[in-house]
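Data first, discussion second: the structure below is written as structure tokens.
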Amino acid sequence: MNLFKLAFRRLFIKGEHNTTRIVSLITGLSFGIILLSEVFYYYSFDSFYPDANRIYVVHEQLKRDDSTNETSNYPRTSGAIAIGLKDEVPGIEAASRLNSIGTSVFYTEDLNSYKASFSLSDEYIFEVLPRPVISGNPKEILTSPMCCMVSDKVANDMGGNVIDKTIELKSYPNKKLTIKGVFKALPENTNYKYDILISMVSTGQFNWDGTNNWIGNDRYYTCVKLAPGVNPDQLKDAVRKMQEKHQDIESIEEKQPGMTFKYMFIPIQQMYVDGVKKMIVILSIIASSVLLVSLLNYIMLTLSALIKKAKTSAIYKTCGAQRSNLTQMIFIDNFLLFIVSLLGASFVILWISPLVESQVGHSLIAVLNPYVIWPTIIILCIIVLVTGLLPGYIFSQIPVTRAFQNYKQKRNKWKLALLGFQLTGASFILTTLVIVYMQYNKMLNTNHGYQAKGIYYGSTQGIASSKIATLIDDIKALPEVEKVGLGYVLPVDDMSGNNIYSPDGEKELFNIADFYMIDENYLSILNIPILTGSNFTTETASVGDVLISQKCADRLKIHNQWNDNLVGKPIYVTEHGSATIQGVYSDFIINSISNSDNRPSAFFYFTQDEFIKEQEKRPSLAFKIIVKAYNNSENKVLGKLTRLFNNALPHNDAIVKSLEQELIKSYEPQLGFRNAMLMGNIIVLLISVIGLMGYTTNEALRRSKELAIRKINGATIYEILKIFILDLGYIVVPATLLGLIPAWYTSHKWIQNFTYKINLHWGIFILCSICIIVIVITIAVINYIKISNKNPVEALKYE
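Heads up, the sequence shown is in our numbering, so the first residue is 48 and it goes up one at a time.
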């Protein structure tokens, strides 16, 4: 306790760089902890389930034919697979399936509205993916038609007492669900999110019922829990027998040579990590760089301060202090500084938490789990030991005799080495930031193959079919509106898929991104050009006619050996049946550059009347009304469109979106990464500047007598600077160039995520290194000039 008291008193002593050291550690710790916590958070997904190491998600693995060795994995299955695995595959203790129907607004009987994620579920869900049940019997509820269970979060939002209340989904009008149970809400770190579970027997009320399908309608999230000691490899033979019995897999493989269709069991805790492996590497490198730079700067400042305390070390030793006592004393000094810095970093993290949460996409509370807390504590303990024991050891080694002889280090090579590591980190962070900025700008500015500016859209979800025609006419009457079209999905959406078959219907050729139905105005609104054939028109097109992408046309020519014009040829597409090709359009980017869907695509034709009739038959099958505004009318049209949609909706809760803004929003993860890099760059440069200032000041003081004598003998400022800067340059240039190696590796890894990438030209790296060198030299020159202008008598008056 006495050492802690002494350490607390020394905390405010001038000349020991305590404030600078604390600032350096706070900046490094706050940013480093945020990034490392995010990395550890990735590994925590679905770890909250009991026996999580025995839970697996079933994936389909498909190789289409012997023309390629590539296989595709899909994390969904047909509806009957879960039942089959449980009943026919020994070693599987339990199996269950979920079928998401999306996130939707829902209304209570008193017309209050809420928003939640809905999923259809069988009665075995809590056997495989256990959640504490607060009220109700899941086995009974999830086998009763139109009954559901809600999370305690949803229940609390609704007022608490929700049992036997009825709710209605906006996306499924007139489909009323009765709440019969409440379960503990899922944490944020889960692969499959839901707030409300609907009984699986209600599937037909919401979608086509494929719960008993052995092949097709692959939309079920199937999970299994293996018996203790069983691993997935032991299940292969039994799974194959199940496929032979129910899927006639041998016949399918015989008809399509080289085709293989298997089921894989992926550990549930591994699923999220597999999707972000590159990001884990990148964030780990950045976090390590920031922490290392901060740590090295702290050690450099600490050792500089300890040299000034050489006489203190000698006095302690003369009075009987052992080396262990001195090591302990310095360790406690640094431990106290670390605690203050950690508290400061915690305050900074809390202060910027809204910004952090908006970038990472989850609350900071979500990271407070053992998978994050324990590794972070271990890293912090290592930092405490390094920052405390290393300076303590060096302090205890100072000889008593040399301490009383005005002890100083002859050379500062160790300081140069530490400064070099910091500049390596600064070079790495700055270069990576520049590349991230360039790639982000390229994504936003690349021509996506369609027009997004001035395009707005709203869904007919919740609108009575009798009001849709009037709504469309009202929109067309707006003076700001140039054209109105209809369609089910837009290029920024995630696409469903369907398969194209050979003309004889025997062979499955390839899968397409299916845009489903559009009207005659859709493509012209989005400015997607027709390459051959013609666009849909009311005069020439029939319901079910198809437009295909150039990529689709190329594949059809190869598979069917078609050499002539494809216009007028029939194709067979699952879910659509036979369709006649009316034209070929130019390929465009589906979804986003960062998450590009590279499949061929197709549009099918519907008239406005057909759209309305389809929604009348299936109210849940809402389509989008797409609006093209005249130039310079964008600011006015959004509010007017929202009012018109609200007039047609019973609850006035319309959402009209800008396609341009949705496209920008699709790049939010890259924007978040760019902002993280920017913050990291600022922090690393700040720490490096602090270290550089400390080094140049100490170096000038160490050589103050030499500097004074040179000035007295007529040396100019330029000559003095030349000596100091050349010494600095020997470490600055190699260290900066060394930082380009991890910068290239990290950048190369990152841009592999994109279909359209910038060219990693060597000039980018050279310019960034020159920038770092210029910054360092400029700061050093300013500091050295300031010190050199002091009166030389001050340095020599004690000689």
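Virtual Cβ for every residue (Gly too), placed ideally from N, Cα, C.
What did DSSP end up calling ILE399 once you bin it into helix, strand or coil?
Counted from its first residue, the sequence shown places residue 399 at position 352. If DSSP states are grouped into helix, strand and coil, ILE399 belongs with coil.
Would you kindly report the start and end of the unbroken beta strand (DSSP E) that includes LEU773?
For the purposes of this step, residue 773 is taken as the residue at position 726 of the sequence shown. Premise fails: LEU773 lies in the alpha helix (DSSP H), 764-785, not in any beta strand (DSSP E).
Any idea what DSSP makes of ALA270, helix, strand or coil?
Taking the first residue of the sequence shown as position 1, residue 270 is located at position 223. The residue you asked about is not Ala; residue 270 is Cys in the sequence shown. In this structure, CYS270 counts as strand in the three-state DSSP scheme.
According to DSSP, is ALA285 helix, strand or coil?
Counting from 1 along the sequence shown, the entry for residue 285 is found at position 238. If DSSP states are grouped into helix, strand and coil, ALA285 belongs with the helices.
Mind the definition here: the segment 524-539 touches the segment 671-680 only if three or more C-beta pairs lie below 8 angstroms; say whether that holds.
Touching, yes.
Inspect the beta-carbon positions of GLU707 and ALA499 and report whether they are closer than 8 angstroms.
If you number the sequence shown from 1, residue 707 lands on position 660. If you number the sequence shown from 1, residue 499 lands on position 452. Yes, Cβ-Cβ distance for GLU707 and ALA499 is below 8 angstroms.
In three-state terms, what does DSSP make of TYR632?
The residue you call residue 632 lines up with position 585 of the sequence shown. In this structure, TYR632 counts as strand in the three-state DSSP scheme.
Nearest to ASN642 by CA position, among TYR803, GLY263, LEU339, GLU156, is which residue?
Taking the first residue of the sequence shown as position 1, residue 642 is located at position 595. The option with the nearest alpha carbon to ASN642 is TYR803.
For the 8 angstroms Cβ check, are there 3 or more pairs between the segment 483-493 and the segment 643-660?
Contact between the segment 483-493 and the segment 643-660 is absent, because fewer than three Cβ pairs lie under 8 angstroms.
Is it the case that the Cβ atoms of VAL419 and SER77 are separated by a distance below 8 angstroms?
Within the sequence shown, numbered from 1, the residue matching residue 419 stands at position 372. Within the sequence shown, numbered from 1, the residue matching residue 77 stands at position 30. Not closer than 8 angstroms, so no.
Compare the Cα-Cα distances from VAL590 to each of LYS616, VAL528, ALA626 and report the closest residue.
Residue numbering aside, residue 590 sits at position 543 when the sequence shown is read from its first letter. That would be ALA626, whose Cα lies nearest to the Cα of VAL590.
Count the other CB atoms within 10 Å of the CB of PRO438; is the residue buried (16 or more) or exposed (fewer)?
Here the question's residue 438 lines up with position 391 in the sequence shown. Looking at its Cβ environment, which holds 16 or more other Cβ atoms inside 10 Å, PRO438 is buried.
For ALA524, does the count of other Cβ atoms within 10 angstroms reach 16, so buried, or fall short, so exposed?
The residue you call residue 524 lines up with position 477 of the sequence shown. Under this definition ALA524 is an exposed residue.
Would the segment 500-518 and the segment 817-826 be scored as touching if the rule is three or more Cβ pairs under 8 angstroms?
At 8 angstroms Cβ cutoff, the stretches do not touch.
Using 10 angstroms around the beta-carbon of GLU567, count the other beta-carbons present and answer buried if the total reaches 16, otherwise exposed.
Working through the sequence shown from its first residue, we reach residue 567 at position 520. GLU567 should be labelled buried.
So, at 7 angstroms on beta carbons, what are the nonlocal neighbours of ASP98 in its own chain, with the 5 sequence-adjacent residues on each side left out?
Start at 1 with the first residue of the sequence shown, and residue 98 comes out as number 51. Correct list, in chain order: LYS272.
Let me make sure I understand the geometry here. Which of GLN294, SER639, ILE577 has the alpha-carbon closest to that of ALA600?
Walking along the sequence shown from the start, residue 600 turns up at place 553. The option with the nearest alpha carbon to ALA600 is ILE577.
Check this for me: beta carbons of VAL70 and ILE327, under 8 angstroms apart or not?
Looking up residue 70 in the sequence shown gives position 23. Looking up residue 327 in the sequence shown gives position 280. Against a cut-off of 8 angstroms, the Cβ pair of ILE327 and VAL70 comes out as no contact.
Output the distance between the C-alpha atoms of SER687 and TYR503, rounded to the nearest integer angstrom.
Sequence index remark: in the sequence shown, residue 687 carries index 640 (1-based). Sequence index remark: in the sequence shown, residue 503 carries index 456 (1-based). The sequence given here places Lys at residue 687; Ser does not occur at that position. Distance between the alpha carbons of LYS687 and TYR503: 11 angstroms.
Counting only the same chain and skipping the five closest in sequence on each side, list residues whose C-beta sits under 7 angstroms from that of SER794.
Here residue 794 refers to the residue found at position 747 when the sequence shown is read from its first residue. Taken in chain order, the residues that qualify are THR479, ILE482, LEU807.
Could you check where the alpha helix (DSSP H) with THR124 kicks off and where it finishes?
The residue given as residue 124 occupies position 77 in the sequence shown. Element bounds for THR124: n/a, residue is neither H nor E.
Across the segment 684-699 and the segment 547-567, are there enough close Cβ pairs to call them in contact, namely three or more that are closer than 8 angstroms?
Output reads no: the segment 547-567 does not touch the segment 684-699.
Which same chain residues end up closer than 6 angstroms to LYS616 when comparing Cβ atoms and leaving out the 5 residues on each side of it in sequence?
What you label residue 616 is simply residue 569 of the sequence shown in a count that begins at 1. Around LYS616: ILE628.
Report the CB separation of LEU167 from PHE230 in whole angstroms; it is logged as a contact under 8 angstroms.
Along the sequence shown, one-based indexing puts residue 167 at 120. Along the sequence shown, one-based indexing puts residue 230 at 183. The pair is not a contact, with the Cβ atoms about 15 angstroms apart (cut-off 8 angstroms).
Kindly indicate which three-state DSSP category SER667 falls into: helix, strand or coil?
The count along the sequence shown starts at 1 and reaches residue 667 at position 620. Coil, per DSSP.
Are there three or more Cβ pairs, one per stretch, closer than 8 angstroms when the segment 724-733 is compared with the segment 468-477?
Cβ pair count under 8 angstroms is three or more, so yes.
I need the boundaries of the alpha helix (DSSP H) containing ASN693, first residue and last residue.
Against the sequence shown, residue 693 aligns to sequence position 646. Note, ASN693: alpha helix (DSSP H), 681-695.
What did DSSP end up calling PRO314 once you bin it into helix, strand or coil?
As a position in the sequence shown, residue 314 is number 267, starting the count at 1. Strand, per DSSP.
Would you mind sorting PRO275 into buried or exposed? The rule is 16 or more other CB atoms within 10 Å of its CB.
Taking the first residue of the sequence shown as 1, we reach residue 275 at position 228. Counting Cβ neighbours within 10 Å, PRO275 comes out exposed, since fewer than 16 surround it.
Taking only the alpha-carbon atoms, compute the straight-line gap between LEU224 and SER246 and give it to the nearest angstrom.
Translated into positions along the sequence shown, residue 224 becomes position 177. Translated into positions along the sequence shown, residue 246 becomes position 199. Going from the Cα of LEU224 to the Cα of SER246 covers about 10 angstroms.
Where are the alpha helix (DSSP H) runs, 4 residues long or more, that stay fully inside the segment 567-652, in chain order?
569-573, 597-607, all fully within the segment 567-652.
With a floor of 4 residues, list each alpha helix (DSSP H) that falls wholly inside the segment 481-556, ordered by position along the chain.
As far as the segment 481-556 is concerned, its whole alpha helix (DSSP H) runs of at least 4 residues are 512-523.
Using beta-carbon positions only, say whether LYS227 and GLY183 come within less than 8 angstroms of one another.
By one-based count along the sequence shown, residue 227 stands at place 180. By one-based count along the sequence shown, residue 183 stands at place 136. Result yes, Cβ atoms of LYS227 and GLY183 sit closer than 8 angstroms.
By the DSSP assignment, the alpha helix (DSSP H) with GLN848 in it spans what residues?
Residue coverage of the chain in this structure runs from 48 to 846, which leaves residue 848 outside it and unanswerable.
Assign LEU594 to buried or exposed, taking buried as 16 or more other Cβ atoms, counted over all protein chains shown, within 10 Å of its Cβ.
Against the sequence shown, residue 594 aligns to sequence position 547. With 16 or more other Cβ atoms within 10 Å, it is buried.
Ordered along the chain, which non-local residues of its own chain (more than five positions away) have a Cβ less than 7 angstroms from that of ILE817?
Looking up residue 817 in the sequence shown gives position 770. Closer than 7 angstroms at Cβ, skipping near neighbours: no residue.
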